[in-house]
Amino acid sequence: MFTGIVEELGEVVHVEQLHEAARLAVRGKVVAVDARHGESIAVNGVCLTVVDVDGDVFTADVMKETLNRSCLGVLQRGSRVNLERAVRADQRMGGHIVQGHVDGTGVILTREPAQHWEIVRLSLPKELNRYVVEKGSITVDGVSLTVAAIDDQSFAVSLIPATLGLTTLGLKQPGDPVNLEVDIIAKYVEKLVVRS
1 MFTGIVEELG
11 EVVHVEQLHE
21 AARLAVRGKV
31 VAVDARHGES
41 IAVNGVCLTV
51 VDVDGDVFTA
61 DVMKETLNRS
71 CLGVLQRGSR
81 VNLERAVRAD
91 QRMGGHIVQG
101 HVDGTGVILT
111 REPAQHWEIV
121 RLSLPKELNR
131 YVVEKGSITV
141 DGVSLTVAAI
151 DDQSFAVSLI
161 PATLGLTTLG
171 LKQPGDPVNL
181 EVDIIAKYVE
191 KLVVRS
């Protein structure tokens with residue numbers, strides 16, 4: 001489990017294409033310092049299992065299902081990525097409950113800079129719309145955000161300078177794809193209500 005509070009901007013140092021899979025090598029000085037084989041690290045919001053650690057670089061395998069459902073397949077050497085280690089039970093829960101299980105992908109549609117923040121509008125797949133509400137939580141490329149506005153095909157978030165400076169969301173431009181994870185609580189509530 002994660003919180004959606006990105007610990008650092010990492011960098012992809014190698015991508016190895018395998019049969020229906022890929023192996024990513026990612027530099028992350030903060031997250032790799034105590035990483036061990038089998039632990040989880042979220043890369044752009046996707047929970048990956050650490051296969052190996054060599055100094056400040058960790059390696060993780062990405063299966064076909066993950067490549068198909070996320071934007072990890074577009075990563076290449078030099079790509080910047082949001083990194084977060086799995087939350088410990090004794091940590092503060094700064095964001096919201098994030099599983100690292102991407103529900104779909106969206107695209108950045110527009111960016112509106114303001115003096116103290118930036119409003120970013122993103123496309124929203126129709127099948128995810130019912131789980132997203134104004135002032136609710138959503139994860140975009142692993143970043144826990146509050147939905148500022150929503151319509152049938154898109155939603156908007158307001159990004160503060162810290163988010164713009166410390167995550168890939170400050171680097172992404174209109175047309176760039178992003179990973180989306182909706183609030184897990186909304187999916188559980190739907191299942192319980194539908195069964196009743």
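Numbering (the UniProt record's numbering), first residue to last: 1 to 196.
All C-beta atoms in this analysis are idealised placements derived from N, C-alpha and C, irrespective of residue type, glycine included.
For clarity, every value in this text was computed on a predicted model and none was experimentally measured.
- [ ] Assuming residue 58 and residue 28 form a contact by the criterion Cβ under 8 Å, report the distance between their Cβ atoms to the nearest whole angstrom.
- [x] As a first step, residue 58 must be located in the sequence shown, where it is residue number 58. As a first step, residue 28 must be located in the sequence shown, where it is residue number 28. Yes, they are in contact, since the Cβ atoms of residue 58 and residue 28 sit about 7 Å apart, within 8 Å.
- [ ] Starting from residue 68, trace the alpha helix (DSSP H) both ways and give me its first and last residue.
- [x] Your numbering for residue 68 matches position 68 in the sequence shown. Residues 64–69.
Open item on the list: Suppose contacts are defined by Cβ-Cβ distances below 8 Å. Is residue 82 in contact with residue 167 by that definition?
Closed with: Here residue 82 refers to the residue found at position 82 of the sequence shown. Here residue 167 refers to the residue found at position 167 of the sequence shown. Closer than 8 Å, so yes.
Open item on the list: Once DSSP output is grouped into helix, strand and coil, what is the label at residue 193?
Closed with: Here residue 193 corresponds to residue number 193 of the sequence shown, with the count starting at 1. Note: residue 193 maps to helix in three-state DSSP.
Task: residue 163 vs residue 169 beta-carbon contact at 8 Å - done: The sequence position of residue 163 within the sequence shown is 163, counting from 1. The sequence position of residue 169 within the sequence shown is 169, counting from 1. Contact flag set, yes.
Task: Rounded separation between residue 9 and residue 108 - CA only - done: Position 9 of the sequence shown, counting from 1, holds the residue named residue 9. Position 108 of the sequence shown, counting from 1, holds the residue named residue 108. Cα to Cα, residue 9 sits roughly 19 Å from residue 108.
- [ ] Identify, in the order they occur along the chain, each residue of the same chain with its Cβ nearer than 7 Å to the Cβ of residue 76, setting aside the five sequence neighbours on each side.
- [x] Numbered from 1 along the sequence shown, position 76 holds the residue referred to as residue 76. Within the same chain, residue 76 has close Cβ partners 12, 15.
TODO: Could you check the C-alpha separation between residue 19 and residue 73 for me, to the nearest Å?
DONE: As a first step, residue 19 must be located in the sequence shown, where it is residue number 19. As a first step, residue 73 must be located in the sequence shown, where it is residue number 73. Residue 19 and residue 73: Cα-Cα distance of roughly 13 Å.
TODO: Pull up the distance between the alpha-carbon of residue 190 and that of residue 130, whole angstroms please.
DONE: For the purposes of this step, residue 190 is taken as the residue at position 190 of the sequence shown. For the purposes of this step, residue 130 is taken as the residue at position 130 of the sequence shown. The straight-line gap from Cα to Cα measures roughly 9 Å.
Open item on the list: I need the straight-line Cα distance from residue 102 to residue 115, nearest angstrom please.
Closed with: As a first step, residue 102 must be located in the sequence shown, where it is residue number 102. As a first step, residue 115 must be located in the sequence shown, where it is residue number 115. About 32 Å.
Task: Delimiting residues of the alpha helix (DSSP H) encompassing residue 166 - done: Position 166 of the sequence shown, counted from the start, is the residue given in the question as residue 166. Residues 161–166.
Open item on the list: Counting beta carbon pairs with one atom in the segment 110–124 and one in the segment 143–159, are three or more of them shorter than 8 Å?
Closed with: yes
Task: Option in 45, 41, 36, 79 with minimal Cα separation from residue 182 - done: Looking up residue 182 in the sequence shown gives position 182. Nearest of 45, 41, 36, 79 to residue 182, Cα basis: 45.
Open item on the list: Could you tell me the alpha carbon to alpha carbon distance between residue 53 and residue 99, rounded to whole angstroms?
Closed with: Position 53 of the sequence shown holds residue 53. Position 99 of the sequence shown holds residue 99. Straight-line Cα distance between these residues: approximately 23 Å.
Task: Secondary structure, beta strand (DSSP E): runs of 3+ residues fully inside the UniProt domain "Lumazine-binding" (1–96) - done: 8–18, 21–27, 40–43, 46–54, 57–63, 80–85
Task: Own chain partners of residue 148 with C-beta closer than 6 Å, once the 5 adjacent residues on each side are dropped - done: Here the question's residue 148 lines up with position 148 in the sequence shown. Correct list, in chain order: 156, 157, 158.
Task: Outcome for residue 84 when other beta-carbon atoms lying within 10 angstroms are tallied against a minimum of 16 - done: On the sequence shown, residue 84 is found 84 positions in, with the first residue counted as 1. Answer is buried; the Cβ neighbour count reaches 16.
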